[in-house]
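Working notes, beginning with the structure itself.
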Amino acid sequence: MGLIREKFRELKKQGKKAFIPYMTFGFPDMKTFESIVMALDRAGADFIEIGLPFSDPIADGPIIQTSSKIALDKGANIYKLLSSLKKLKSRIRAPLILMTYYNPVYHMGIDKFFKRFSRLIDGVIVADLLAEEAGHFVNKARENNIDTIFFISPTTQKERLRLIDRLSSGFIYYISVTGVTGPRKTLPSKIFKHIKKIKKQVRAAVCIGFGISSQKQARMFKKYFDGVIAGSVLIKKILICRKNRNFLKDFEKFTLWLNG
Amino acid sequence: MAKREYFGDFGGRFIPETLEYPLRELDRAYRKYSRNKAFQDELKFYLSRYAGRPSPLYFAKNLSKEFKLRIYLKREDLLHTGAHKINNALGQALLAVKMKKERIIAETGAGQHGVATATVAALFGKKCDVYMGKVDIQRQRMNVFRMRLLGTRVLEVTSGSQTLKDACNEALRDWVTNVENTYYLLGSTVGPYPYPLIVRDLQAVIGKEARKQILKAEKRLPDYLVACVGGGSNSLGLFHPFFKDRKVKFLGVEAKGKGYLGHHASSLIKGSVGMLHGSKSYVLQDKFGQIEEAYSVAAGLDYPGVGPEHSYYKKIKRARYVGVSDKEALQGFKMLSELEGIIPALESAHAAAYLKNLSRSAKKNSIVVMCLSGRGDKDLEIVNEFI
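Quick note, the sequences are listed as chains S and G, same order. Numbering-wise (our numbering), the first sequence opens with residue 1 and increments by one. Numbering-wise (our numbering), the second sequence opens with residue 1001 and increments by one.
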């Protein structure tokens, strides 16, 4: 069993739900990024999702687009990510999940990608890879003990749940709304009905992401899901206050509050 | 991976989960209506009475004399809205009507697809939003004005290179958000399956007509087909109906921009295999798998990817792809204007410019059919700067 499932089992025993913050690699610059990841770890992240930025992030809203552009302009790339993860790995407690788009992975070569990232990450999410296209990708992930995570969205049809469940060895990423990433004040209430139905049909843990903007929302979703993923709201915080003197402390506090 | 979704190794669906179902729904609707006679009759009606099909195949006497070839121009520039884009827009708009979608969105580079979409949206009474890069809005102002006159909202895209690639990103983001009521009317043979197939089928009317017309005029098939390739819709429209005619050579002309050492848009010639906008095909990318910005004086060719079917044609060597620079294209523009009295779009001028190169290698009096995909009114300001 992979580390991700083990962790979910452990959380379940303690009656807890996972808190999974997302951060774009290389944002706002390489050094600050590493300090931010350590702050997320201190703030009690159960997993940390690290985004390898892509030039054309079609699933992302303006906030993650901005962070991706800043990171790419500062020279973020897949090889620098490898060396950054090597440094971070021993300094943090939370398992790492890599999130990206398919092209940078494909371009490196699927085999090489998993060999290089083996033991550095515990899971991988690819925003534009459907379960149907992922056969070889999933096999290579398994060979290197990296869990794969696929999505369920409000438009996912029942007949595809089994495949998505089977290929999601880490957890299933539930997309809260039809749309791109980005904080939303309110999220559709039909989520609760939908998740109850889905929970009956899948075995993997299900975590919700896209749109989380407050502690109140996070708390509410923790009642229904195995975990909550927050990205844009954290990046927005950094965009606003990164020039402040006690920026990292403030950020850690903010993350603690969100997880609260 | 479903074979139906691929052209050889290329194509597929590389998209966020939310678009899986809408794409399947589109595929189902398309397969139903592409075999439905009433639908096809309706499409034929609009293509002939509204758009002006069949377009003429014109024997270009002066060009032929100049290059010692027998050159025929497939006059898509004479269609309503001034380019081949209307063929696809009409077909997909009818599909949107059948699928009961109340809103249409599109991306556009040169604005020709945007204008075609705005036109059919007006015709069928649909709300319409078109995404266009800021750079393209500036260089194709007249088309922006046309779209607005037709009642369409033109939404400026300021991310990335501010051209077609970024307009595509924004249109996809809109679609992910508004899948319930929105039809994404994609303009070229790119994107996730089934778009490359739908657009190619709807544009194949170009090649089907040309095949009949050339057989009537010359009593034999042509030696060469020549067309410009951006995303690849006018070229595939011309090429595909000749696919099995092995002796007919396909020449796809990509934009060489300022040259291969500078900026260009030759994805097939200089790119490598990757995923962009939902399909696997040749793309311009750096060594880290990040998509590079393309460049061409022709906004409609200014795209760092290409339709997956072209990648397949390249791989099986069914088509040959060549490059024409900005400078050569402008010469082609002038030549066609002065020799034949036809002002071509800068995109089509790339194909025209290649005729000169072809005349050096082709046998004397070879029969050439060139797709004159659009008219040049939209480009007069740009050309004026250069000439």
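Ideal placement from N, C-alpha and C gives every residue a C-beta, glycine not left out. These numbers were taken from a predicted model, which means no experiment stands behind them.
Cβ-based neighbour list, residue i, same chain, cut-off 6 Å, excluding 5 preceding and 5 following
| i | result |
| --- | --- |
| M1099(G) | A1029 |
| A127(S) | A59 and Y101 |
| I1015(G) | P1192 and G1278 |
| K1126(G) | I1104 |
| G1274(G) | V1283 and Q1285 |
Cβ-based neighbour list, residue i, same chain, cut-off 8 Å, excluding 5 preceding and 5 following
| i | result |
| --- | --- |
| D1027(G) | Y1193 and P1194 |
| G1232(G) | S1188, T1189, V1190, G1252, V1306, G1307, E1309 and H1310 |
| I1086(G) | A1051, L1079, H1080, A1116, T1119 and V1120 |
| L1047(G) | R1053, N1087, L1090 and V1205 |
| P1196(G) | F1007, G1011, T1189, V1190, S1279, G1307, P1308 and E1309 |
| E1209(G) | R1053, P1054, S1055, L1057 and K1074 |
Opening and closing residue of the beta strand (DSSP E) in which residue i lies
| i | result |
| --- | --- |
| D1129(G) | K1127 to G1133 |
| S1279(G) | S1279 to V1283 |
| T186(S) | Unbroken run through T186(S): none, as it is neither H nor E. |
| Y173(S) | I172 to I175 |
| K1256(G) | K1249 to G1257 |
| D147(S) | D147 to I152 |
| V124(S) | G123 to V126 |
| P21(S) | A18 to T24 |
Segment limits, alpha helix (DSSP H) that includes residue i
| i | result |
| --- | --- |
| P1304(G) | Per DSSP, P1304(G) belongs to no alpha helix (DSSP H) and is neither H nor E. |
| I108(S) | It is worth fixing the name first, because residue 108(S) is Met in this sequence and not Ile. Counting along the chain, the alpha helix (DSSP H) containing M108(S) begins and ends at Y102 to M108. |
| P1054(G) | Here P1054(G) belongs to no alpha helix (DSSP H), and DSSP marks it neither H nor E. |
| T255(S) | F247 to N259 |
| T1189(G) | It is not in any alpha helix (DSSP H) - T1189(G) carries neither H nor E in the DSSP assignment. |
| I240(S) | S232 to C241 |
| E1156(G) | Taken as a continuous stretch (DSSP letters only), E1156(G) belongs to no alpha helix (DSSP H), being part of the beta strand (DSSP E) at R1153 to V1157. |
| K1074(G) | Run containing K1074(G): none in the alpha helix (DSSP H); it sits in the beta strand (DSSP E), R1070 to R1075. |
| I269(S) | This structure gives no information on residue 269(S), because the portion of chain S shown stretches from 1 to 260. |
Rounded distance between the beta-carbons of residue j and residue i, thought under 8 Å
| i | j | result |
| --- | --- | --- |
| M1370(G) | I1071(G) | 6 Å |
| I195(S) | V177(S) | That belief does not hold up - the Cβ atoms of I195(S) and V177(S) are roughly 13 Å apart, past 8 Å. |
| I1342(G) | L1372(G) | 7 Å |
| S71(S) | T255(S) | According to the sequence as given, residue 71(S) is Ala; it is not Ser. Wrong, their Cβ atoms sit about 19 Å apart, outside the cutoff. |
| K1364(G) | M1142(G) | Not confirmed; about 40 Å, so no contact. |
| T24(S) | S55(S) | Contact flag wrong, Cβ pair sits at about 13 Å. |
| L1012(G) | E133(S) | First, the amino acid is wrong: residue 1012(G) is Gly here, not Leu. Confirmed, about 6 Å. |
| A1122(G) | L1150(G) | 5 Å |
| V233(S) | P183(S) | 5 Å |
| F156(S) | E1020(G) | Looking at the sequence shown, residue 156(S) is not Phe but Thr. Rounded, the Cβ-Cβ distance is 7 Å, consistent with contact. |
| I92(S) | D41(S) | 4 Å |
Under 8 Å between C-beta atoms of residue i and residue j
| i | j | result |
| --- | --- | --- |
| I208(S) | I229(S) | yes |
| N1036(G) | V1199(G) | no |
| N139(S) | G2(S) | no |
| I78(S) | L52(S) | yes |
| E1347(G) | C1228(G) | yes |
| Y1050(G) | R1075(G) | no |
| G231(S) | T181(S) | yes |
| Y1303(G) | A1349(G) | no |
| S168(S) | I191(S) | no |
| K1256(G) | S1359(G) | no |
| G1160(G) | A1299(G) | no |
| I1387(G) | L1336(G) | no |
| N103(S) | L1276(G) | yes |
| L96(S) | I50(S) | yes |
| L1069(G) | A1362(G) | yes |
| A261(S) | L258(S) | This structure leaves residue 261(S) out entirely; chain S is present only between 1 and 260. |
| F137(S) | I175(S) | no |
| H1240(G) | G1271(G) | no |
| G26(S) | K86(S) | no |
| G211(S) | V1176(G) | no |
Close Cβ partners of residue i (< 7 Å) along its chain, the five nearest in sequence each way excluded
| i | result |
| --- | --- |
| N244(S) | D250 |
| K89(S) | L120 |
| V202(S) | L161, D165 and I172 |
| E1156(G) | M1132, K1134 and I1137 |
| A204(S) | D165, S168, F171 and I172 |
Residue i beta carbon near the ligand FMN (any heavy atom closer than 7 Å)
| i | result |
| --- | --- |
| M1335(G) | Absence of the ligand FMN from the depicted structure is noted, as is the absence of any ligand whatsoever, leaving it without description. |
* Closer than 7 Å, Cβ to any Cβ of chain S: which residues of the stretch 1110-1141 of chain G, in chain order? -> none
ask   = What residues in the stretch 151-166 of chain S have a beta carbon less than 8 Å from any beta carbon of chain G?
value = Going along the stretch 151-166 of chain S in chain order, one finds F151, I152, S153, P154, T155, T156, Q157 and R160 with a Cβ nearer than 8 Å to chain G.
- Query: Any residues in the stretch 175-191 of chain S with a beta carbon nearer than 9 Å to a beta carbon of chain G? Which ones, in chain order?
  - Reply: I175, V177, T178, G179 and V180
Checklist line | Contact set between the stretch 32-58 of chain S and chain G, restricted to residues whose Cβ is under 9 Å from the partner | finding: P53, F54, S55, D56, P57 and I58
If you measure beta-carbon to beta-carbon, which residues of the stretch 98-127 of chain S are closer than 7 Å to chain G?
Y102, N103, P104, Y106, H107, M108 and A127
Would you list, in chain order, the members of the stretch 1260-1282 of chain G that have their beta-carbon closer than 9 Å to a beta-carbon of chain S?
Identification of residues in the stretch 1260-1282 of chain G having a C-beta nearer than 9 Å to some C-beta of chain S yields S1272, V1273, G1274, M1275, L1276, H1277, G1278 and K1280, given in sequence order.
### Query
Mind listing which residues of the stretch 131-153 of chain S have their C-beta closer than 8 Å to chain G's C-betas, in chain order?
E132, E133, G135, F150, F151, I152 and S153
Check: Closer than 8 Å, Cβ to any Cβ of chain S: which residues of the stretch 1168-1183 of chain G, in chain order?
Finding: N1169, L1172, R1173, V1176, T1177, N1178, V1179 and E1180
Next on the checklist: Output needed in chain order: residues of the stretch 234-248 of chain S with a Cβ under 9 Å from some Cβ in chain G.
Outcome noted: none
Legend entry - Residues, ordered as in the chain, of the stretch 60-88 of chain S that lie near chain G by beta-carbon distance below 7 Å: Q65, L72, N77 and I78
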